[in-house]
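Positions -3 to 262 (the working numbering) are the ones given, in order, by the sequence shown. Note that the Cβ used here is the ideal one computed from N, Cα and C, for glycine as well.
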Amino acid sequence: MFFALSKVLGFFALPSNLMISIGLVGALALFAGWVRLGGALLVISVLTLAVLGLSPLGNILLLVLEDRFPKPAENDNRPVAGIVVLGGSFDTIVAGARGEVALNESAERLTVIAELAKRYPEARIVFSGGQGTLFYSGATEAQVAARMFESFGIAPERITLEDRSRNTRENAVFSRDLVNPGAGERWLLVTSAYHMPRSVGCFRAAGFPVDAFPVDYRTRGYEDMTRPFRSVGEGLRRVDIAVREWVGLFVYRITGYTDALVPAPL
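In structure tokens form, the structure reads like this:
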């Protein structure tokens, strides 16, 4: 029930969906004869979509999160017991229907594993991701990841698949239960840079200490704080990603799923 409710509320938490919904209500109000109300709602919808889509707001909101956890130095040779990579890189609906490895814009979460598996040849590789959609069924992310890891040439005995999780908290809890990390072991956590604060917070709260290995950066740096977008669609996509992550941070903190509002390196 909580999962379904979170998906429904999450739909309206995205600025693009919310503004379109307001515009539709405005159009219905016009048809119903409520001209002033309908006109006001339509103006609010269009102007807000334009500002959000063309301004650098999405970049500003993401930069704070992306720069929270630095990537380990190239010369960091400390031993690694395992690498946990979070789901979110596959279009499981298309993958299930087509029988293909259908990657999305977060693909770097997966492709970096080929490099890390060679850099740390003794490390276990744990993929955490089930089926996180509400209305459509398809393959689990773990099923698709297994095929991709095989194409990387990673030995099957190194791979552990966690296929039940539907959100970041479940990623942390189910991965901890599956691998039972030992005291003093170093585990890397691979996910998108903007998603790293919430992810690390969940793993800490679950009693699974991890070192951040952020990937999939969406911004170049602070120079993007003044860079407008070339299209409304591109800007809205960036704002949606950022707002969804900030809302997730607030909700996870309130529910106790993370150890801080915006977790930071210890």
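> Tell me which same chain residues have a C-beta within less than 8 Å of the C-beta of residue 244, skipping the five on either side of it?
Replying inline: The answer, listed in chain order, is 164, 194.
> Which runs of the beta strand (DSSP E) fall wholly inside the region 98 to 176 and span at least 3 residues, in chain order?
Replying inline: Fully enclosed beta strand (DSSP E) runs of 3 or longer: 120 to 124, 155 to 158.
>> Across the region 91 to 106 and the region 150 to 163, are there enough close Cβ pairs to call them in contact, namely three or more that are closer than 8 Å?
In response: Two segments are said to touch when three or more pairs of C-beta atoms, one from each, lie closer than 8 Å; by this definition the region 91 to 106 does not touch the region 150 to 163.
>> How far does the alpha helix (DSSP H) with residue 44 in it extend, from its first residue to its last?
In response: Unbroken alpha helix (DSSP H) run through residue 44: 31 to 50.
>> Could you check whether residue 197 and residue 162 sit closer than 8 Å to each other, using their CB atoms as the reference points?
In response: When the beta-carbon positions are compared, residue 162 and residue 197 stay at least 8 Å from each other.
>> Quick check: the Cα distance between residue 251 and residue 86, rounded to an integer number of angstroms?
In response: Looking at the backbone, the Cα of residue 251 and that of residue 86 are separated by about 28 Å.
> residue 20: buried (16+ other C-beta within 10 angstroms of its C-beta) or exposed?
Replying inline: That one is exposed.
>> Using a Cβ-Cβ cutoff of less than 8 Å, which residues in the same chain neighbour residue 47 once the five nearest sequence positions on both sides are dropped?
In response: The answer, listed in chain order, is 53.
>> Let me confirm a value: residue 222 is counted as buried when at least 16 other C-beta atoms fall within 10 Å, else exposed. Which label applies?
In response: Looking at its Cβ environment, which holds fewer than 16 other Cβ atoms inside 10 Å, residue 222 is exposed.
>> Pull the bridge partners of residue 188 from the DSSP assignment, please.
In response: Per DSSP, the beta-bridge partners of residue 188 are 211.
> How would you write the range of the alpha helix (DSSP H) that residue 229 sits in, first residue to last?
Replying inline: Taken as a continuous stretch (DSSP letters only), the alpha helix (DSSP H) holding residue 229 covers 228 to 250.
> Comparing alpha-carbon positions, which option in 58, 115, 70, 63 lies nearest residue 77?
Replying inline: Looking at the Cα atoms, 115 is the closest of the given residues.
>> What residue range does the beta strand (DSSP E) around residue 82 cover?
In response: Per DSSP, the unbroken beta strand (DSSP E) holding residue 82 starts and ends at 78 to 82.
>> To the nearest angstrom, how far is the alpha carbon of residue 130 from that of residue 84?
In response: Residue placement at residue 130 cannot be trusted, given a pLDDT of 47 that sits under 50; what the coordinates show is reported in the next sentence. The straight-line gap from Cα to Cα measures roughly 15 Å.
> In terms of DSSP beta bridges, what is residue 86 paired with?
Replying inline: Residue 86 pairs with 99.
>> Going by DSSP in three states, residue 16 sits in which element: helix, strand or coil?
In response: Helix at residue 16.
> Residue range of the alpha helix (DSSP H) that residue 54 falls in?
Replying inline: For residue 54, the enclosing alpha helix (DSSP H) has its first and last residue at 53 to 62.
> Between residue 253 and the rest of its own chain, which residues show a CB-CB distance below 7 Å, the 5 nearest in sequence each way excluded?
Replying inline: Cβ contact annotation for residue 253 (same chain, cutoff 7 Å, sequence separation greater than five): 165, 198, 201, in chain order.
> Applying the criterion that 16 or more other CB atoms from any shown protein chain within 10 Å of the CB defines a buried residue, is residue 70 buried or exposed?
Replying inline: By the 10 Å Cβ count, residue 70 comes out exposed.
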